[in-house]
Amino acid sequence: MKTATRRPKETTRIEAAKTWRLRLYVADQTPKSLTAFANLQRICAQYLDERYEIEVIDLLKRPQLAEGDQIVAIPTLVRRLPVPMRKIIGDLSNIKRVLIALDLQPHDAGGHHGD
Amino acid sequence: MTKKTTNNHPRALPKAPTGIQGLDEITDGGLPRGRPTLVCGSAGCGKTLLAMEFLVRGAVEFGEPGVFMTFEETAPELTANAASLGFDVDRLVKQKKLVIDFVHVEPSEIEEAGEYDLEGLFIRLNHAIDSIGAKRVVLDTVESLFAGLPNERILRAELRRLFRWLKEKGVTAIITGERGDDTLTRQGLEEYVSDCVLLLDHRVVSQVSTRRLRVVKYRGSTHGTNEFPFLIDRQGFCVMPVTSLALDHDVSKERISTGVATLDTMLGGKGLYRGSSVLLTGTAGTGKTSMAACFVRAACARGERSLYFALEESPRQIVRNLRSIGVNLDRLVDEGLLQFHASRPGLCGLETHLATMHRAVNQFRPQVVVVDPITAFTALGQGFEIRDMLMRLVDFLKVKRITSFFTSLTRGGNALEATETPISSLIDTWLLLRDIELDGERNRALHVFKSRGMAHSNQVREFVLTTRGVEFQDVFVGPGGVLTGSARLAQEAQEKADRLSREQATQAMKRNLDRKRQALDAQIAVLEADFAAARTDIARQIAESDMRATALRSDRDEMKRSRQGEGTRNRRTRKQAFEG
């Protein structure tokens, strides 16, 4: 239960009760895209429990969607909810950076420490 | 010849015409088709506008839709800026001839976590190109990505890939880049885009700003390597190429009238050659503008269009002033045969003036151009710069077979010809107007200083500006030289008086002769009369003498008869005879 570890500045995370909406932009099944997806799933499973939704958008199939979120790099992870929106580019292999970017505290359970 | 994977023979490099006035001439056809061109320059020198005009004209004039991928300005901002050039971008977007894609990379929003590439950019660009079948692409300015994306290694690799991809896609692309201190672009884009590089420059010299363009590099094509001035105004870009430095333009043999009959006579009897350049120099108030107006009037009377660049007086003032000598320019303006362009020279630089004139001439297509006066440019540059600009102007007009008429103000005195030397070699016909001062008055005179290709009068002819226009007086040479004005009138009167008195003297002499003759005749008559009288007298005397002689003889005979007598018989008879 992450809500116990609330930090004062993370006021937005009071709504941690809300579901996280994440969008992963990929371009077909390239190695980077697959890696990103795998990493994302792992991170979400580890840190978000059940309260998340991942939407994978294949820009090769739907290129017009790149404009909305201003996607330039592939893969890009966009956290739509909770606000503020965050964009993370890369295959998400640097977990620490991902967590910092998503304002997720590194979980003690994994023995990771926040940076 | 480079060993590129071009499908065209390397000799004839296919080009995409830009439609930008002058740029296609400098680049000998346009930008390299299917390749990226780098346009670099400092901020505010017009890169975005150049790129936009390239796309708009491509879509409108050449049927090539375009994609404008912008990294700095938003689509509405671009549209508004383009509107200042007279481009309706919104309409083109609706007609699917143009796509504007604003790619915004906000550094604070992005976090990097792992390996990535810029495939998203590719996808977007590809999507935009395919959605309208674009043949032209602009990326303005890719360098913004360097600020937004943290990993330069990836970025540079992807840019290299992007430009390769653009070539494969076969689109003609313009990439803009901001000028670096030592390098052409701040981020060194010239490393990736090196088929064709244009450099824009915006200089301010002596408070006057000038824009210049230079083709730094154009692989596989000839190009002008100089700096070419250009201007940006409501009709877009206008670059001024020097089209005929080769001096191989056509010449005409046709002669046209100057508008003043006597002047035509002074110019070999037929007037000026069409397409020649005429310089009219004179001190203040000698009638230069009036002459120019006569020239214009004559041209319009032939149905030709005239373009009048007024650099010191406002057109309305010129029109008003010329009405006083009977030249009605208003009517010509109304009929669309005459167009005035007025501007104070100090408003912009020499090159901008030249570019403006280029544009005006290309739009109005006149057969006659007047620049009044060219000395208004002296404040804008050094002598050689002005000469350079005028040389380009004269060249430009000659190529178009436009007869040009330049007026120039001189300060008078002996330097009358000297001040014009820098440009006189560009001029075919040089007319000098001068004031002749004599006996307290100044009168106007004109003198054909030179006129190439024809015999011309070498006389200094006096003329006056009357309500009927420019009227030349006959040449009057008196004992003191050429006389003008009231001195001439006085001299004319004097000579008339002299002639009169000579005539009178002749008459008097004739009369004298007559009188003498009459006197002689009278004398002869008297002598003849005397002679006649004497002859009569003598004849009478001769007659008397004869009579006496006859009487004497008859008396003698009588006496003889009576003395011989016959005695008594005849006494009676004798007596009878005697008494008888």
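The listed protein sequences derive, respectively, from chains A and B. Each residue of the first sequence is one higher than the one before, counting from 1 in the numbering used here. Each residue of the second sequence is one higher than the one before, counting from 1001 in the numbering used here. Note that beta-carbon positions come from the ideal geometry of N, C-alpha and C, so glycine has one too. All values derive from a computational prediction rather than experimental measurement.
Taking C-beta to C-beta, are residue i and residue j nearer than 8 angstroms?
i	j	result
glycine 1148/B	glutamate 1178/B	no
histidine 955/B	leucine 1432/B	Because chain B spans 1001 through 1580 in this model, residue 955/B falls outside it and cannot be assessed.
glutamate 1304/B	glutamine 1382/B	no
alanine 1082/B	valine 1138/B	no
phenylalanine 1237/B	glutamine 1021/B	yes
leucine 1049/B	isoleucine 1232/B	yes
glutamate 1109/B	lysine 87/A	yes
leucine 1280/B	phenylalanine 1364/B	no
arginine 79/A	leucine 40/A	no
methionine 1052/B	leucine 1078/B	yes
glutamate 1227/B	threonine 1185/B	no
isoleucine 1436/B	arginine 1387/B	no
alanine 1487/B	leucine 1438/B	yes
alanine 1113/B	glycine 90/A	yes
lysine 18/A	leucine 104/A	no
glycine 1485/B	glutamate 1441/B	yes
glycine 1066/B	alanine 1134/B	yes
aspartate 1140/B	lysine 1047/B	yes
aspartate 1250/B	arginine 1401/B	yes
aspartate 28/A	leucine 65/A	no
lysine 1094/B	isoleucine 1132/B	no
valine 1039/B	phenylalanine 1087/B	no
methionine 1266/B	arginine 1499/B	no
serine 1581/B	histidine 1202/B	A question about residue 1581/B goes unanswered here, because the residues of chain B that appear run from 1001 up to 1580.
threonine 1286/B	arginine 1468/B	no
valine 1470/B	methionine 1357/B	no
Compare the Cα-Cα distances from residue i to each of the options and report the closest residue.
i	options	result
arginine 1219/B	Pro1229/B, Arg1211/B and Cys1196/B	Cys1196/B
leucine 1200/B	Val1208/B, Gly1188/B, Gln1494/B and Val1216/B	Val1216/B
threonine 1037/B	Ser1084/B, Val1056/B and Glu1191/B	Glu1191/B
glutamate 1254/B	Gly1269/B, Gly1236/B, Gly1275/B and Gln1235/B	Gly1275/B
glutamate 1333/B	Val1296/B, Pro1479/B, Asp1181/B and Ala1505/B	Looking at the sequence provided, one finds valine at residue 1333/B rather than glutamate. Out of Val1296/B, Pro1479/B, Asp1181/B and Ala1505/B, Val1296/B has the C-alpha closest to the C-alpha of valine 1333/B.
threonine 1352/B	Arg1323/B, Val1327/B and Leu1390/B	Leu1390/B
alanine 73/A	Lys18/A, Lys61/A and Leu24/A	Leu24/A
phenylalanine 1122/B	Phe1472/B, Met1069/B, Arg1153/B and Leu1513/B	Met1069/B
glycine 1269/B	His1456/B, Gly1469/B and Ser1042/B	His1456/B
leucine 77/A	Arg62/A, Ala101/A, Gln29/A and Leu60/A	Ala101/A
alanine 1293/B	Glu1077/B, Val1319/B and Val1205/B	Val1319/B
proline 1315/B	Thr1289/B, Tyr1273/B, Ile1436/B and Gly1481/B	Thr1289/B
alanine 1342/B	Val1371/B, Gln1363/B and Gly1336/B	Val1371/B
arginine 1411/B	His1127/B, Thr1283/B, Ser1277/B and Leu1085/B	Thr1283/B
lysine 32/A	Glu1115/B, Asp1101/B and Ser1084/B	Glu1115/B
phenylalanine 1340/B	Ala1355/B, Gln1317/B and Cys1348/B	Gln1317/B
serine 1209/B	Arg1499/B, Lys1047/B, Thr1176/B and Gly1346/B	Gly1346/B
leucine 1311/B	Leu1272/B, Phe1377/B, Phe1102/B and Ala1012/B	Phe1377/B
leucine 1198/B	Ser1206/B, Val1205/B and Leu1189/B	Leu1189/B
glycine 1336/B	Val1361/B, Asn1321/B and Ser1306/B	Ser1306/B
leucine 99/A	Ala1543/B, Ala1525/B, Glu1111/B and Leu1552/B	Glu1111/B
Selection of the region 56-79 of chain A by Cβ proximity to chain B, strictly under 7 angstroms: Leu59, Leu60, Pro63, Gln64, Ala66, Glu67, Gln70, Ile71, Val72, Ala73, Ile74, Pro75 and Thr76
Touching by the beta-carbon criterion (3+ pairs, under 8 angstroms), the region 1051-1066 of chain B and the region 1248-1263 of chain B: no
Selection of the region 1120-1140 of chain B by Cβ proximity to chain A, strictly under 9 angstroms: Gly1120, Leu1121, Phe1122, Ile1123, Arg1124, Asn1126, His1127, Ala1128, Asp1130 and Ser1131
Residues of the region 1087-1115 of chain B whose Cβ lies closer than 9 angstroms to any Cβ of chain A, in chain order: Asp1101, Phe1102, Val1103, His1104, Val1105, Glu1106, Glu1109, Ile1110, Glu1111, Glu1112, Ala1113, Gly1114 and Glu1115
The region 1023-1038 of chain B in contact with the region 1164-1171 of chain B per 3-pair CB rule at 8 angstroms: yes
Completely contained beta strand (DSSP E) runs for the region 1214-1282 of chain B, where each covers 3 or more residues: 1227-1233, 1236-1239 and 1277-1282
Residues from the region 80-94 of chain A in contact with chain B, defined by Cβ distance under 9 angstroms: Pro84, Met85, Arg86, Lys87, Ile88, Ile89, Gly90, Asp91, Leu92, Ser93 and Asn94
Whole beta strand (DSSP E) elements within the region 1064-1111 of chain B, 3-residue minimum: 1066-1070 and 1098-1102
In chain order, each alpha helix (DSSP H) run of at least 4 residues that lies wholly inside the region 80-105 of chain A: 95-101
Three or more C-beta pairs below 8 angstroms linking the region 40-55 of chain A and the region 89-98 of chain A: yes
Entirely enclosed beta strand (DSSP E) segments - the region 1160-1208 of chain B, minimum 3 residues: 1172-1178 and 1196-1205
Inter-stretch contact (C-beta, 8 angstroms, three-pair minimum) for the region 1115-1130 of chain B and the region 1147-1165 of chain B: yes
Minimum length 3: unbroken beta strand (DSSP E) runs contained in the region 27-72 of chain A: 52-58
Cβ-based contacts, 8 angstroms cut-off: residues of the region 32-48 of chain A near chain B: Lys32, Thr35, Ala36 and Asn39
Complete alpha helix (DSSP H) runs within the region 1486-1569 of chain B (minimum length 4 residues, chain order): none
Residues in the region 1157-1168 of chain B having any Cβ partner in chain A nearer than 8 angstroms: none
Residues within the region 1194-1212 of chain B neighbouring chain A, beta-carbon criterion of under 9 angstroms: none
Alpha helix (DSSP H) runs contained entirely in the region 1330-1418 of chain B, provided each spans 4 or more residues: 1350-1364 and 1383-1399
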